[in-house]
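With mature numbering (1 follows the signal peptide of the UniProt record, and there is no 0) applied, the sequence shown covers -27 to -1, 1 to 204. Yeah, the Cβ is synthetic: ideal placement off N, Cα and C, and Gly gets one too. Remember, it's a predicted structure, so these values are computed and weren't measured experimentally. Here the structure is laid out as structure tokens; the discussion comes afterwards.
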Amino acid sequence: MIRTTTAATLLAGVAATVLATATPAAATPAGPIPTFNYGTKSGEVLLSAEQIGEITDAPEMSVVGRGDELIDAKSSISPKECLSAFEPARAESFSDADPKSVTIEQLADGKPGKAAHVVIQAVIGFSDKSELGDHMRTTARSWKSCGGQTVTTTSKSGDEAEWQLSDPSTKQDDTILVISQRSGKANCERAIAGYDSTFIDVMSCDFDGGRATGQAEDIAAQIVANFADQK
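Here it is as structure tokens:
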């Protein structure tokens, strides 16, 4: 169980205001926004390949990429406003903020384009809790607006694929916000959470017809727990 704090409770009130004032881009039910926990320390909190393999039921998972900068790639997603709900750690999704640190890992159980399971886990540090809170509100509004929409991706060769987004929902005592997406046999789940002044950004995908439900949520929850264990 993720511990709740007074700061998290206060942020829940802010989240309620976001729900009341945000205007969806499409007629979708209002989605809840999570209560984010805060701590005092940071460190090596990302999950190991073995832990990721257990959560995704993919024992062959290994780290295939690491980075210390947000992913700065030309957007090939429409509508662009749904980029944050669709993919983690994209520079375009942080245009409202000024992150001070970034740690990203990508894990997979096969070569690029052939892996059945792919996970991206990232922790993005902000200067203080206030800046994190502002970015959380911006992200939550975006996810709410994109809930239920169809996102179209375009490859470098011009091939298009459509992904259906779910409505966002909160998990783990309202401490984690999740949204899922599917396209054919592919199923992915996005999850975000916060700890201290750190934004936790996760995606887990199954491209072989399996379900990714609960996977990004569990990864984000364990990262939060790793932060808490350092206190």
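Looking at the DSSP output, S21 sits in no beta bridge, so it has no partner there. Assignment of E27 by DSSP, reduced to helix, strand and coil, places it in the helix class. Between L138 and A70, the C-beta gap is not smaller than 9 angstroms, which leaves the two residues out of contact.
Annotated three-state conformation of F172 is strand, per DSSP. Contiguous beta strand (DSSP E) elements confined to the stretch 78 to 139 occur at 90 to 98, 123 to 127 and 133 to 138, taking only those with 3 or more residues. Here DSSP, grouped into helix, strand and coil, assigns A62 to coil.
Collapsing the DSSP output to three states places E33 in coil.
Here E65 is not near R163, since their CB atoms are 9 angstroms or more apart. Selection A198, V96 and K53 evaluated against K73 yields V96 as nearest (Cα-Cα). A straight-line Cα-Cα distance of about 17 angstroms links K144 and R110. The closest CA to that of G157, considering only E190, Q188, T123 and D140, is found on T123. The beta carbon of E78 sits closer than 6 angstroms to the beta carbons of L19, V36, R39 and Q94 from its chain, once the five residues preceding and following it are set aside; these are given in chain order. When DSSP states are grouped into helix, strand and coil, A166 belongs to the strand group.
DSSP lists L138 and C161 as the beta-bridge partner residues of Q154.
As a beta-bridge residue in DSSP terms, V75 pairs with I97. With respect to the 9 angstroms criterion, C161 and S177 are classified as neighbours on the basis of their beta carbons. Assignment of D179 by DSSP, reduced to helix, strand and coil, places it in the strand class.
Annotation: F67 is outside any alpha helix (DSSP H) and is labelled neither H nor E by DSSP. Taking C-beta separations shorter than 7 angstroms and ignoring five residues to either side along the sequence, the partners of I173 in its chain run V96, I165, A166, G167, A193, I196 and V197, following chain order.
Beyond the five residues adjoining it in sequence on each side, A159 comes within less than 6 angstroms, by CB distance, of F180 in the same chain, given in chain order.
Going by beta carbons, S49 and S128 fall inside the 9 angstroms limit.
Going by C-alpha positions, E135 is about 35 angstroms away from N199.
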